[in-house]
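Residue numbers (the numbering used here), protein chains in the order written: chain A, 4 to 854; chain B, 1395 to 1824.
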């Protein structure tokens, strides 16, 4: 409340030069605030009216009198202002009447007032340090100044021994001068800052302060034995810093015992989560307590317990869940957790867990029991790490610096893993294993890759073996479905990353995740998407184009790959996201170092689609019912066709489209050079671990598929083709050409047969003339019609009167009309529902519909 | 002599019973693929946990000529004999009961084991604990190598014990093994089916156990399928078309694919469809298991590489020769495989030179010509031989559009006609 008063005061003063209306309002506020603060003032200062308040009143009075005297100026004022001035003057007079005595005293001797309070303060210092802030701020404010840093210093000292006092002073001054930014600062500081701010405002004597600071510095260098009076203050406070804190915890003569420490701890922790608790102070207190426990050698269990609470309160420090914690706190917490785990490791007879209640704890003698869950702390740490990473700009140096902490994070996880393996329950081990797995799965291990190729013995420990061991443990022991699902996905991801295609595929098939994944939580779904993508890439590297296409189809089809992989937000077209939605989506994002290259992904997809789609298009050129295999590939093709002028390809997509066109014409050489060139290498192919192999595979695939396309497209102009010529044309070995053609013949994709003695492909002229093909199509449609009729009659619910009529008219329409019979199928439902009336009506409807 | 890399005995053995491994060992020693002393050692190892002490002693003496038979064996022998005597005493009353003619009749007529049990308890002083004795005795007999007795006792046991009994499935396994070892294939097949039912319905077992049991069953059934006359159809039915068994093969024992592939190849009736499914499976498992037989199929149906297929076919012959289960169908296999190659060839080509064909089929040109002539005469092949050029010319298979049109529309009017009465009855209702 005092703070509020101070706030108003400073506001008030700032407004001095403004119109009196606001001045008047300010005064009103001040009165109200004072009323509120009265209780506190009474309690803390024994009813003494604070000097700064008096001073303010006096200033105000003086100012008003001055303005009142200035009659000319008063006349020039606006009506409103003049009116306000009058009211204010009256009110002020009335108000000051209550404080007449004090004001008189104050006017007589403002310094005396201050020294009074100062004396007070000296008395109070020992038993109540919080009071410091309420000191008067007269000219003597600077005398008092040292006491502010004094507290500051306590903070510093207790906070971390690493921070030298030296470094803290400048930061102190920074805060003082940049007080406007201090809204976000913790309350403990705000008090002081505002105090100082006021000092600045009122006196405007920064230079003076500077001097003092300089003095302080010199004093520091000299040591504590300075005879300056102000520094005398300083030296006292400095000496008193620790001892004075201690009595707060324990009396000087109190015996520091385990129960006492625990009691103190629970006292401190009782304030946790309450409104108005100074979280920073809590951390300091806990730290203090930890040191006390350490100094008095109360045993590790107590230290562990305090450390626990300390870590928890550091976590608490950040009020918002979605924001990352501050970097210095993060670094501190890493150290703390590491210490905690070390302590745990050297006290084997200690049981720790959430199931242990506060009452059943035993800290004094073994077997020790401590309440708390290390696992939760470490998990939280991991999450905070990800949050921190996400908060950094992924392309900045900051990100790299942060990412270095991963080593430390992994070390901590390993430490806990070791600890849990010895002490933990299976479910806990599963959890920590999964943590480990999630740090492991996306990393490419060169050793493992070598092992897959058989260059390293199976026994060598690589990330693959490690994953295998961890995942298998989870598969067997886990009884929450989520951990297992995630472990399976990570395992598949890791295997695909290292080109263990068959194993990855089999695991994917055996896990049956496709059916259930949409019921799981979003992060798991994202992981599933990532895994599918990685599996697709792996399939592609192995030359399984069809599998690659199928795996990537879902991710690529909507053009939302970025969103599905949680690698960035897409701009919404239809509607704006609410801030809440955006926040959630941002939380889900994957940190940058785990990203999968989207351009490579799209390229692999488009190339796979090309290798499947182009021969298919060539084979079914005249087929009326040709289906699209890949929509997004067609989209790209159409886009390029729409352009009036097609320049040489620049982007990855343009390259693929141009290559597709070349392939369509059977020009495999051009196709290959469009896909495998320096530009594309830099953009895509070099991103693969074994780029050369992939390129070879792709070149070969292009040759084969071009051959197929060529045969489909140009077979009608040939009567016979020599296989030898073909194999020369496409630079494929004779055997391959033979195999490809044999496959085409067996699958009845081309009507031809081989003439063995001359090694020629002989075409059978079975391509019907246009009339023939049309009549064949008609026959097809008739066939479908009859099938549909039968199906309709089979379906009992459809077997009603209205339906019969349609069936009666059905053949007629279908014969008259060219459209697909599918239309009838589609409309049968609605028609039947709408028109269960007479046959006439339906006839009309149909006529209307078609003619 | 060298180790045969395609020998599967070591892969099969873990899934088989000790006693079932013996025939395999026997076969190996006849084939002389392995060192005889090694085999004997292995056999002695296997015998160590059974009661077939006499047999073990035999092997021991051949193995270490001149050495005294080890003391343990002699001790074990006396122990087994005394056990046998005590068991016989115990089971004596039981067999007396079953020896009675009335009981025999009842046994054959009764279907329900509960009523049969009641009948025995009431009329012949049969006690339920006798069942357990019967079971242990059967087990003992089996261990002694007296398989037919074991089969008989287990038959009785199975007739009396309820399906839910804990020993029920075990007794089925025992029965199956005994029937296999006595080479009673009809009964074995029956037992096999019964066991399959028991496993498939065994909801109480964990999936892992079920998988394991299925794997065992797959291996044990090889004995039955390759000896029973109908086995070659049944093996396809069970391994290829029952997803749970196919899964078991794919996950646990891809080497069984060899037997499945062989079965599909020598099966004449439903080859097309089965082959397509088999090719799919082989393709999937190519990385996990490959031997000449599966590679032959893959070469032929995936890569259409006839030369490689030919090579593989040669290797297949040796593989079959050295495989316990497949040795009997070697001739069938070669014949059918040839036919397969040829058939595929004909479908792709319109003109083939006989010399080339002979080479591909691993025959002399004259034999090949004869073979083709036979095929043509049996109307399996629509072709003519052009002896001037030495070519086989296929008949054209191209279908004219007219024919296609007629085929497509031929039965449409008939099918629509069928609809009319159906439709009519509804229409008249209105």
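C-beta: ideal position from N, C-alpha, C; glycine also.
- Query: In chain C, which residues lie less than 7 Å from residue 1746 (chain B) when you measure between Cβ atoms?
  - Reply: Protein chains in the displayed structure are A and B, and chain C is not among them.
- Item | Neighbour flag for residue 1783 (chain B) against chain A, beta carbons, 9 Å | The residue you call residue 1783 (chain B) lines up with position 389 of the second chain. Residue contact with chain A for residue 1783 (chain B): present (Cβ-Cβ distance below 9 Å to some residue of chain A).
- Message: So, with DSSP's three-state summary, where would you put residue 843 (chain A)?
- Response: Counted from its first residue, the first chain places residue 843 (chain A) at position 840. For residue 843 (chain A), the predicted structure reports a pLDDT of 43, less than 50, and the residue's modelled location is therefore unreliable. A value from the coordinates is still provided. Reduced to three states, the DSSP call for residue 843 (chain A) is helix.
- Message: Here's the rule: buried if 16 or more other CB atoms are within 10 angstroms of the residue's CB, otherwise exposed. What is residue 481 (chain A)?
- Response: Working through the first chain from its first residue, we reach residue 481 (chain A) at position 478. So residue 481 (chain A) ends up on the buried side.
- Query: In chain A, what lies closer than 7 Å to residue 1742 (chain B) by C-beta?
  - Reply: Position 348 of the second chain, counted from the start, is the residue given in the question as residue 1742 (chain B). Chain A residues near residue 1742 (chain B): 745, 748, 749, 756 and 757.
- Query: Are there three or more Cβ pairs, one per stretch, closer than 8 Å when the stretch 501-517 of chain A is compared with the stretch 666-673 of chain A?
  - Reply: Between the stretch 501-517 of chain A and the stretch 666-673 of chain A, the count of C-beta pairs closer than 8 Å stays below three; the two stretches do not touch.
- Task: From the DSSP output, in three-state form, read off residue 799 (chain A) for me.
- Result: Counting from one through the first chain, the residue named residue 799 (chain A) turns up at place 796. Reliability of the predicted coordinates at residue 799 (chain A) is poor, the pLDDT of 49 falling under 50, and the value obtained from them is presented with this limitation in mind. In this structure, residue 799 (chain A) counts as coil in the three-state DSSP scheme.
- Item | Whole-number beta carbon distance between residue 1658 (chain B) and residue 1665 (chain B), since they are thought to touch under 8 Å | Translated into positions along the second chain, residue 1665 (chain B) becomes position 271. Translated into positions along the second chain, residue 1658 (chain B) becomes position 264. Taking 8 Å as the upper bound for CB-CB distance, residue 1665 (chain B) and residue 1658 (chain B) are in contact here, some 7 Å apart.
- Examine the ligand GTP and report whether any of its heavy atoms sits within less than 8 Å of the Cβ of residue 1508 (chain B). Judged by which ligands are present, the structure shown has none, so any question about the ligand GTP falls away.
- Message: For residue 593 (chain A) and residue 344 (chain A), I'd like the C-alpha separation in whole angstroms.
- Response: Start at 1 with the first residue of the first chain, and residue 593 (chain A) comes out as number 590. Start at 1 with the first residue of the first chain, and residue 344 (chain A) comes out as number 341. When rounded, the distance between both Cα atoms is 28 Å.
- Query: Which residues does DSSP pair with residue 785 (chain A) in a beta bridge?
  - Reply: For the purposes of this step, residue 785 (chain A) is identified with residue 782 of the first chain, where counting begins at 1. Looking at the DSSP output, residue 785 (chain A) shares a beta bridge with no other residue.
- Item | Reduced DSSP category for residue 1779 (chain B) - H, G, I as helix; E, B as strand; rest coil | Taking the first residue of the second chain as 1, we reach residue 1779 (chain B) at position 385. Residue state, collapsed to three classes: strand.
- Query: beta strand (DSSP E) containing residue 580 (chain A): first to last residue?
  - Reply: Within the first chain, numbered from 1, the residue matching residue 580 (chain A) stands at position 577. No beta strand (DSSP E) contains residue 580 (chain A), which DSSP labels as neither H nor E.
- Task: Indicate whether at least one CB of chain B lies closer than 9 Å to the CB of residue 741 (chain A).
- Result: If you number the first chain from 1, residue 741 (chain A) lands on position 738. With its beta carbon less than 9 Å from one in chain B, residue 741 (chain A) belongs to the interface.
- Per DSSP, residue 869 (chain A) forms a beta bridge with which residues? Past the edges of chain A, shown from 4 to 854, lies residue 869 (chain A), and the structure says nothing about it.
- Message: Taking only three categories from DSSP, how would you classify residue 554 (chain A)?
- Response: Taking the first residue of the first chain as 1, we reach residue 554 (chain A) at position 551. The DSSP-derived three-state label of residue 554 (chain A) is helix.
- Task: Below 9 Å between beta carbons is the criterion; list the residues of the stretch 300-331 of chain A that meet it against any residue of chain B, in chain order.
- Result: Taken residue by residue, none of the stretch 300-331 of chain A has a beta-carbon sitting less than 9 Å from a beta-carbon on chain B.
- For residue 1795 (chain B), decide whether its Cβ has a neighbour in chain A, counting only Cβ atoms nearer than 9 Å. Within the second chain, the letter at position 401 stands for residue 1795 (chain B). The beta carbon of residue 1795 (chain B) falls within 9 Å of a beta carbon belonging to chain A, placing the residue at that interface.
- Query: How would you call residue 573 (chain A), buried or exposed, if buried means at least 16 neighbouring beta carbons within 10 angstroms?
  - Reply: Translated into the one-based positions of the first chain, residue 573 (chain A) becomes position 570. By the neighbour-count rule (16 or more Cβ atoms within 10 Å), residue 573 (chain A) is not buried but exposed.
- Query: At which residues does the beta strand (DSSP E) containing residue 1743 (chain B) begin and terminate?
  - Reply: By one-based count along the second chain, residue 1743 (chain B) stands at place 349. First-last of the beta strand (DSSP E) with residue 1743 (chain B): 1743-1747.
- Closer than 7 Å by beta-carbon distance: list the chain B residues that pair up with residue 782 (chain A), in chain order. Stepping through the first chain from its first residue, residue 782 (chain A) is reached at position 779. Neighbours of residue 782 (chain A) on chain B, chain order: 1799, 1802 and 1803.
- Name the residues in the stretch 1677-1707 of chain B whose C-beta lies less than 8 Å from a C-beta of chain A; which are they? Cβ contacts with chain A: 1681, 1682, 1697, 1698, 1699 and 1701.
- Whose Cβ in chain B lies nearer than 9 Å to the Cβ of residue 725 (chain A)? Position 722 of the first chain, counted from the first residue, corresponds to residue 725 (chain A). Correct list: empty, because the minimum Cβ distance to chain B is about 14 Å.
- Chain-order list of residues whose beta-carbon lies under 6 Å from that of residue 603 (chain A) (same chain, five-residue window excluded): Your numbering for residue 603 (chain A) matches position 600 in the first chain. Hits under 6 Å: 687 and 690.
- Interface partners of residue 1605 (chain B) on chain A, CB under 7 Å: On the second chain, residue 1605 (chain B) is found 211 positions in, with the first residue counted as 1. The CB of residue 1605 (chain B) never comes closer than 7 Å to any CB in chain A; the least such distance is about 11 Å.
- Task: Please name the residue, chosen from A:86, A:98, A:680 and A:357, that lies closest to residue 63 (chain A) on a Cα-to-Cα basis.
- Result: As a position in the first chain, residue 63 (chain A) is number 60, starting the count at 1. Between residue 63 (chain A) and the set A:86, A:98, A:680 and A:357, the nearest pair of CA atoms involves A:98.
- Query: First and last residue of the alpha helix (DSSP H) that includes residue 428 (chain A)?
  - Reply: Looking up residue 428 (chain A) in the first chain gives position 425. No alpha helix (DSSP H) holds residue 428 (chain A); DSSP gives it neither H nor E.
- Query: What alpha helix (DSSP H) runs, 4 residues minimum, are completely inside the stretch 652-720 of chain A?
  - Reply: Here the runs fully enclosed are 655-667, 671-678, 681-686 and 694-717.
- Taking Cβ positions only, does residue 1809 (chain B) come closer than 9 Å to chain A? Reading the second chain from its first residue, position 415 is the one you call residue 1809 (chain B). For residue 1809 (chain B), the answer is yes, since a Cβ of chain A falls inside 9 Å of its Cβ.
- Message: I'd like to confirm the pairing. Which residues does DSSP put opposite residue 356 (chain A) in its beta bridges?
- Response: In the first chain, residue 356 (chain A) corresponds to position 353, counting from 1. Residue 356 (chain A) pairs with A:374.
- Could you tell me which residues DSSP pairs with residue 755 (chain A) in its beta bridges? For the purposes of this step, residue 755 (chain A) is taken as the residue at position 752 of the first chain. Beta-bridge analysis with DSSP links residue 755 (chain A) to A:766.
- Query: Looking only at its own chain, which residues have a Cβ that is under 8 Å from the Cβ of residue 1737 (chain B), when we skip the five neighbours before and after it?
  - Reply: Within the second chain, numbered from 1, the residue matching residue 1737 (chain B) stands at position 343. The beta carbon of residue 1737 (chain B) is closer than 8 Å to none in its chain, skipping five residues each way along the sequence.
- Message: By the three-class DSSP mapping on this structure, what secondary structure does residue 1446 (chain B) have?
- Response: For this step, residue 1446 (chain B) is matched to residue 52 along the second chain. Here residue 1446 (chain B) sits in coil by DSSP.
- Task: Using three-state DSSP, classify residue 1563 (chain B) as helix, strand or coil.
- Result: As a first step, residue 1563 (chain B) must be located in the second chain, where it is residue number 169. In the structure shown, residue 1563 (chain B) sits in a helix (DSSP, three-state: H, G or I).
- Measuring alpha carbon to alpha carbon, tell me which of A:401, A:443, A:92 and A:792 ends up nearest residue 410 (chain A). As a first step, residue 410 (chain A) is located in the first chain; it is residue number 407 there, counting from the start. Looking only at A:401, A:443, A:92 and A:792, the smallest Cα-Cα distance to residue 410 (chain A) is reached by A:443.
- Through-space distance from residue 1765 (chain B) to residue 1747 (chain B), alpha-carbon basis: Counting from one through the second chain, the residue named residue 1747 (chain B) turns up at place 353. Counting from one through the second chain, the residue named residue 1765 (chain B) turns up at place 371. Using only the alpha carbons, I get a separation of about 14 Å.
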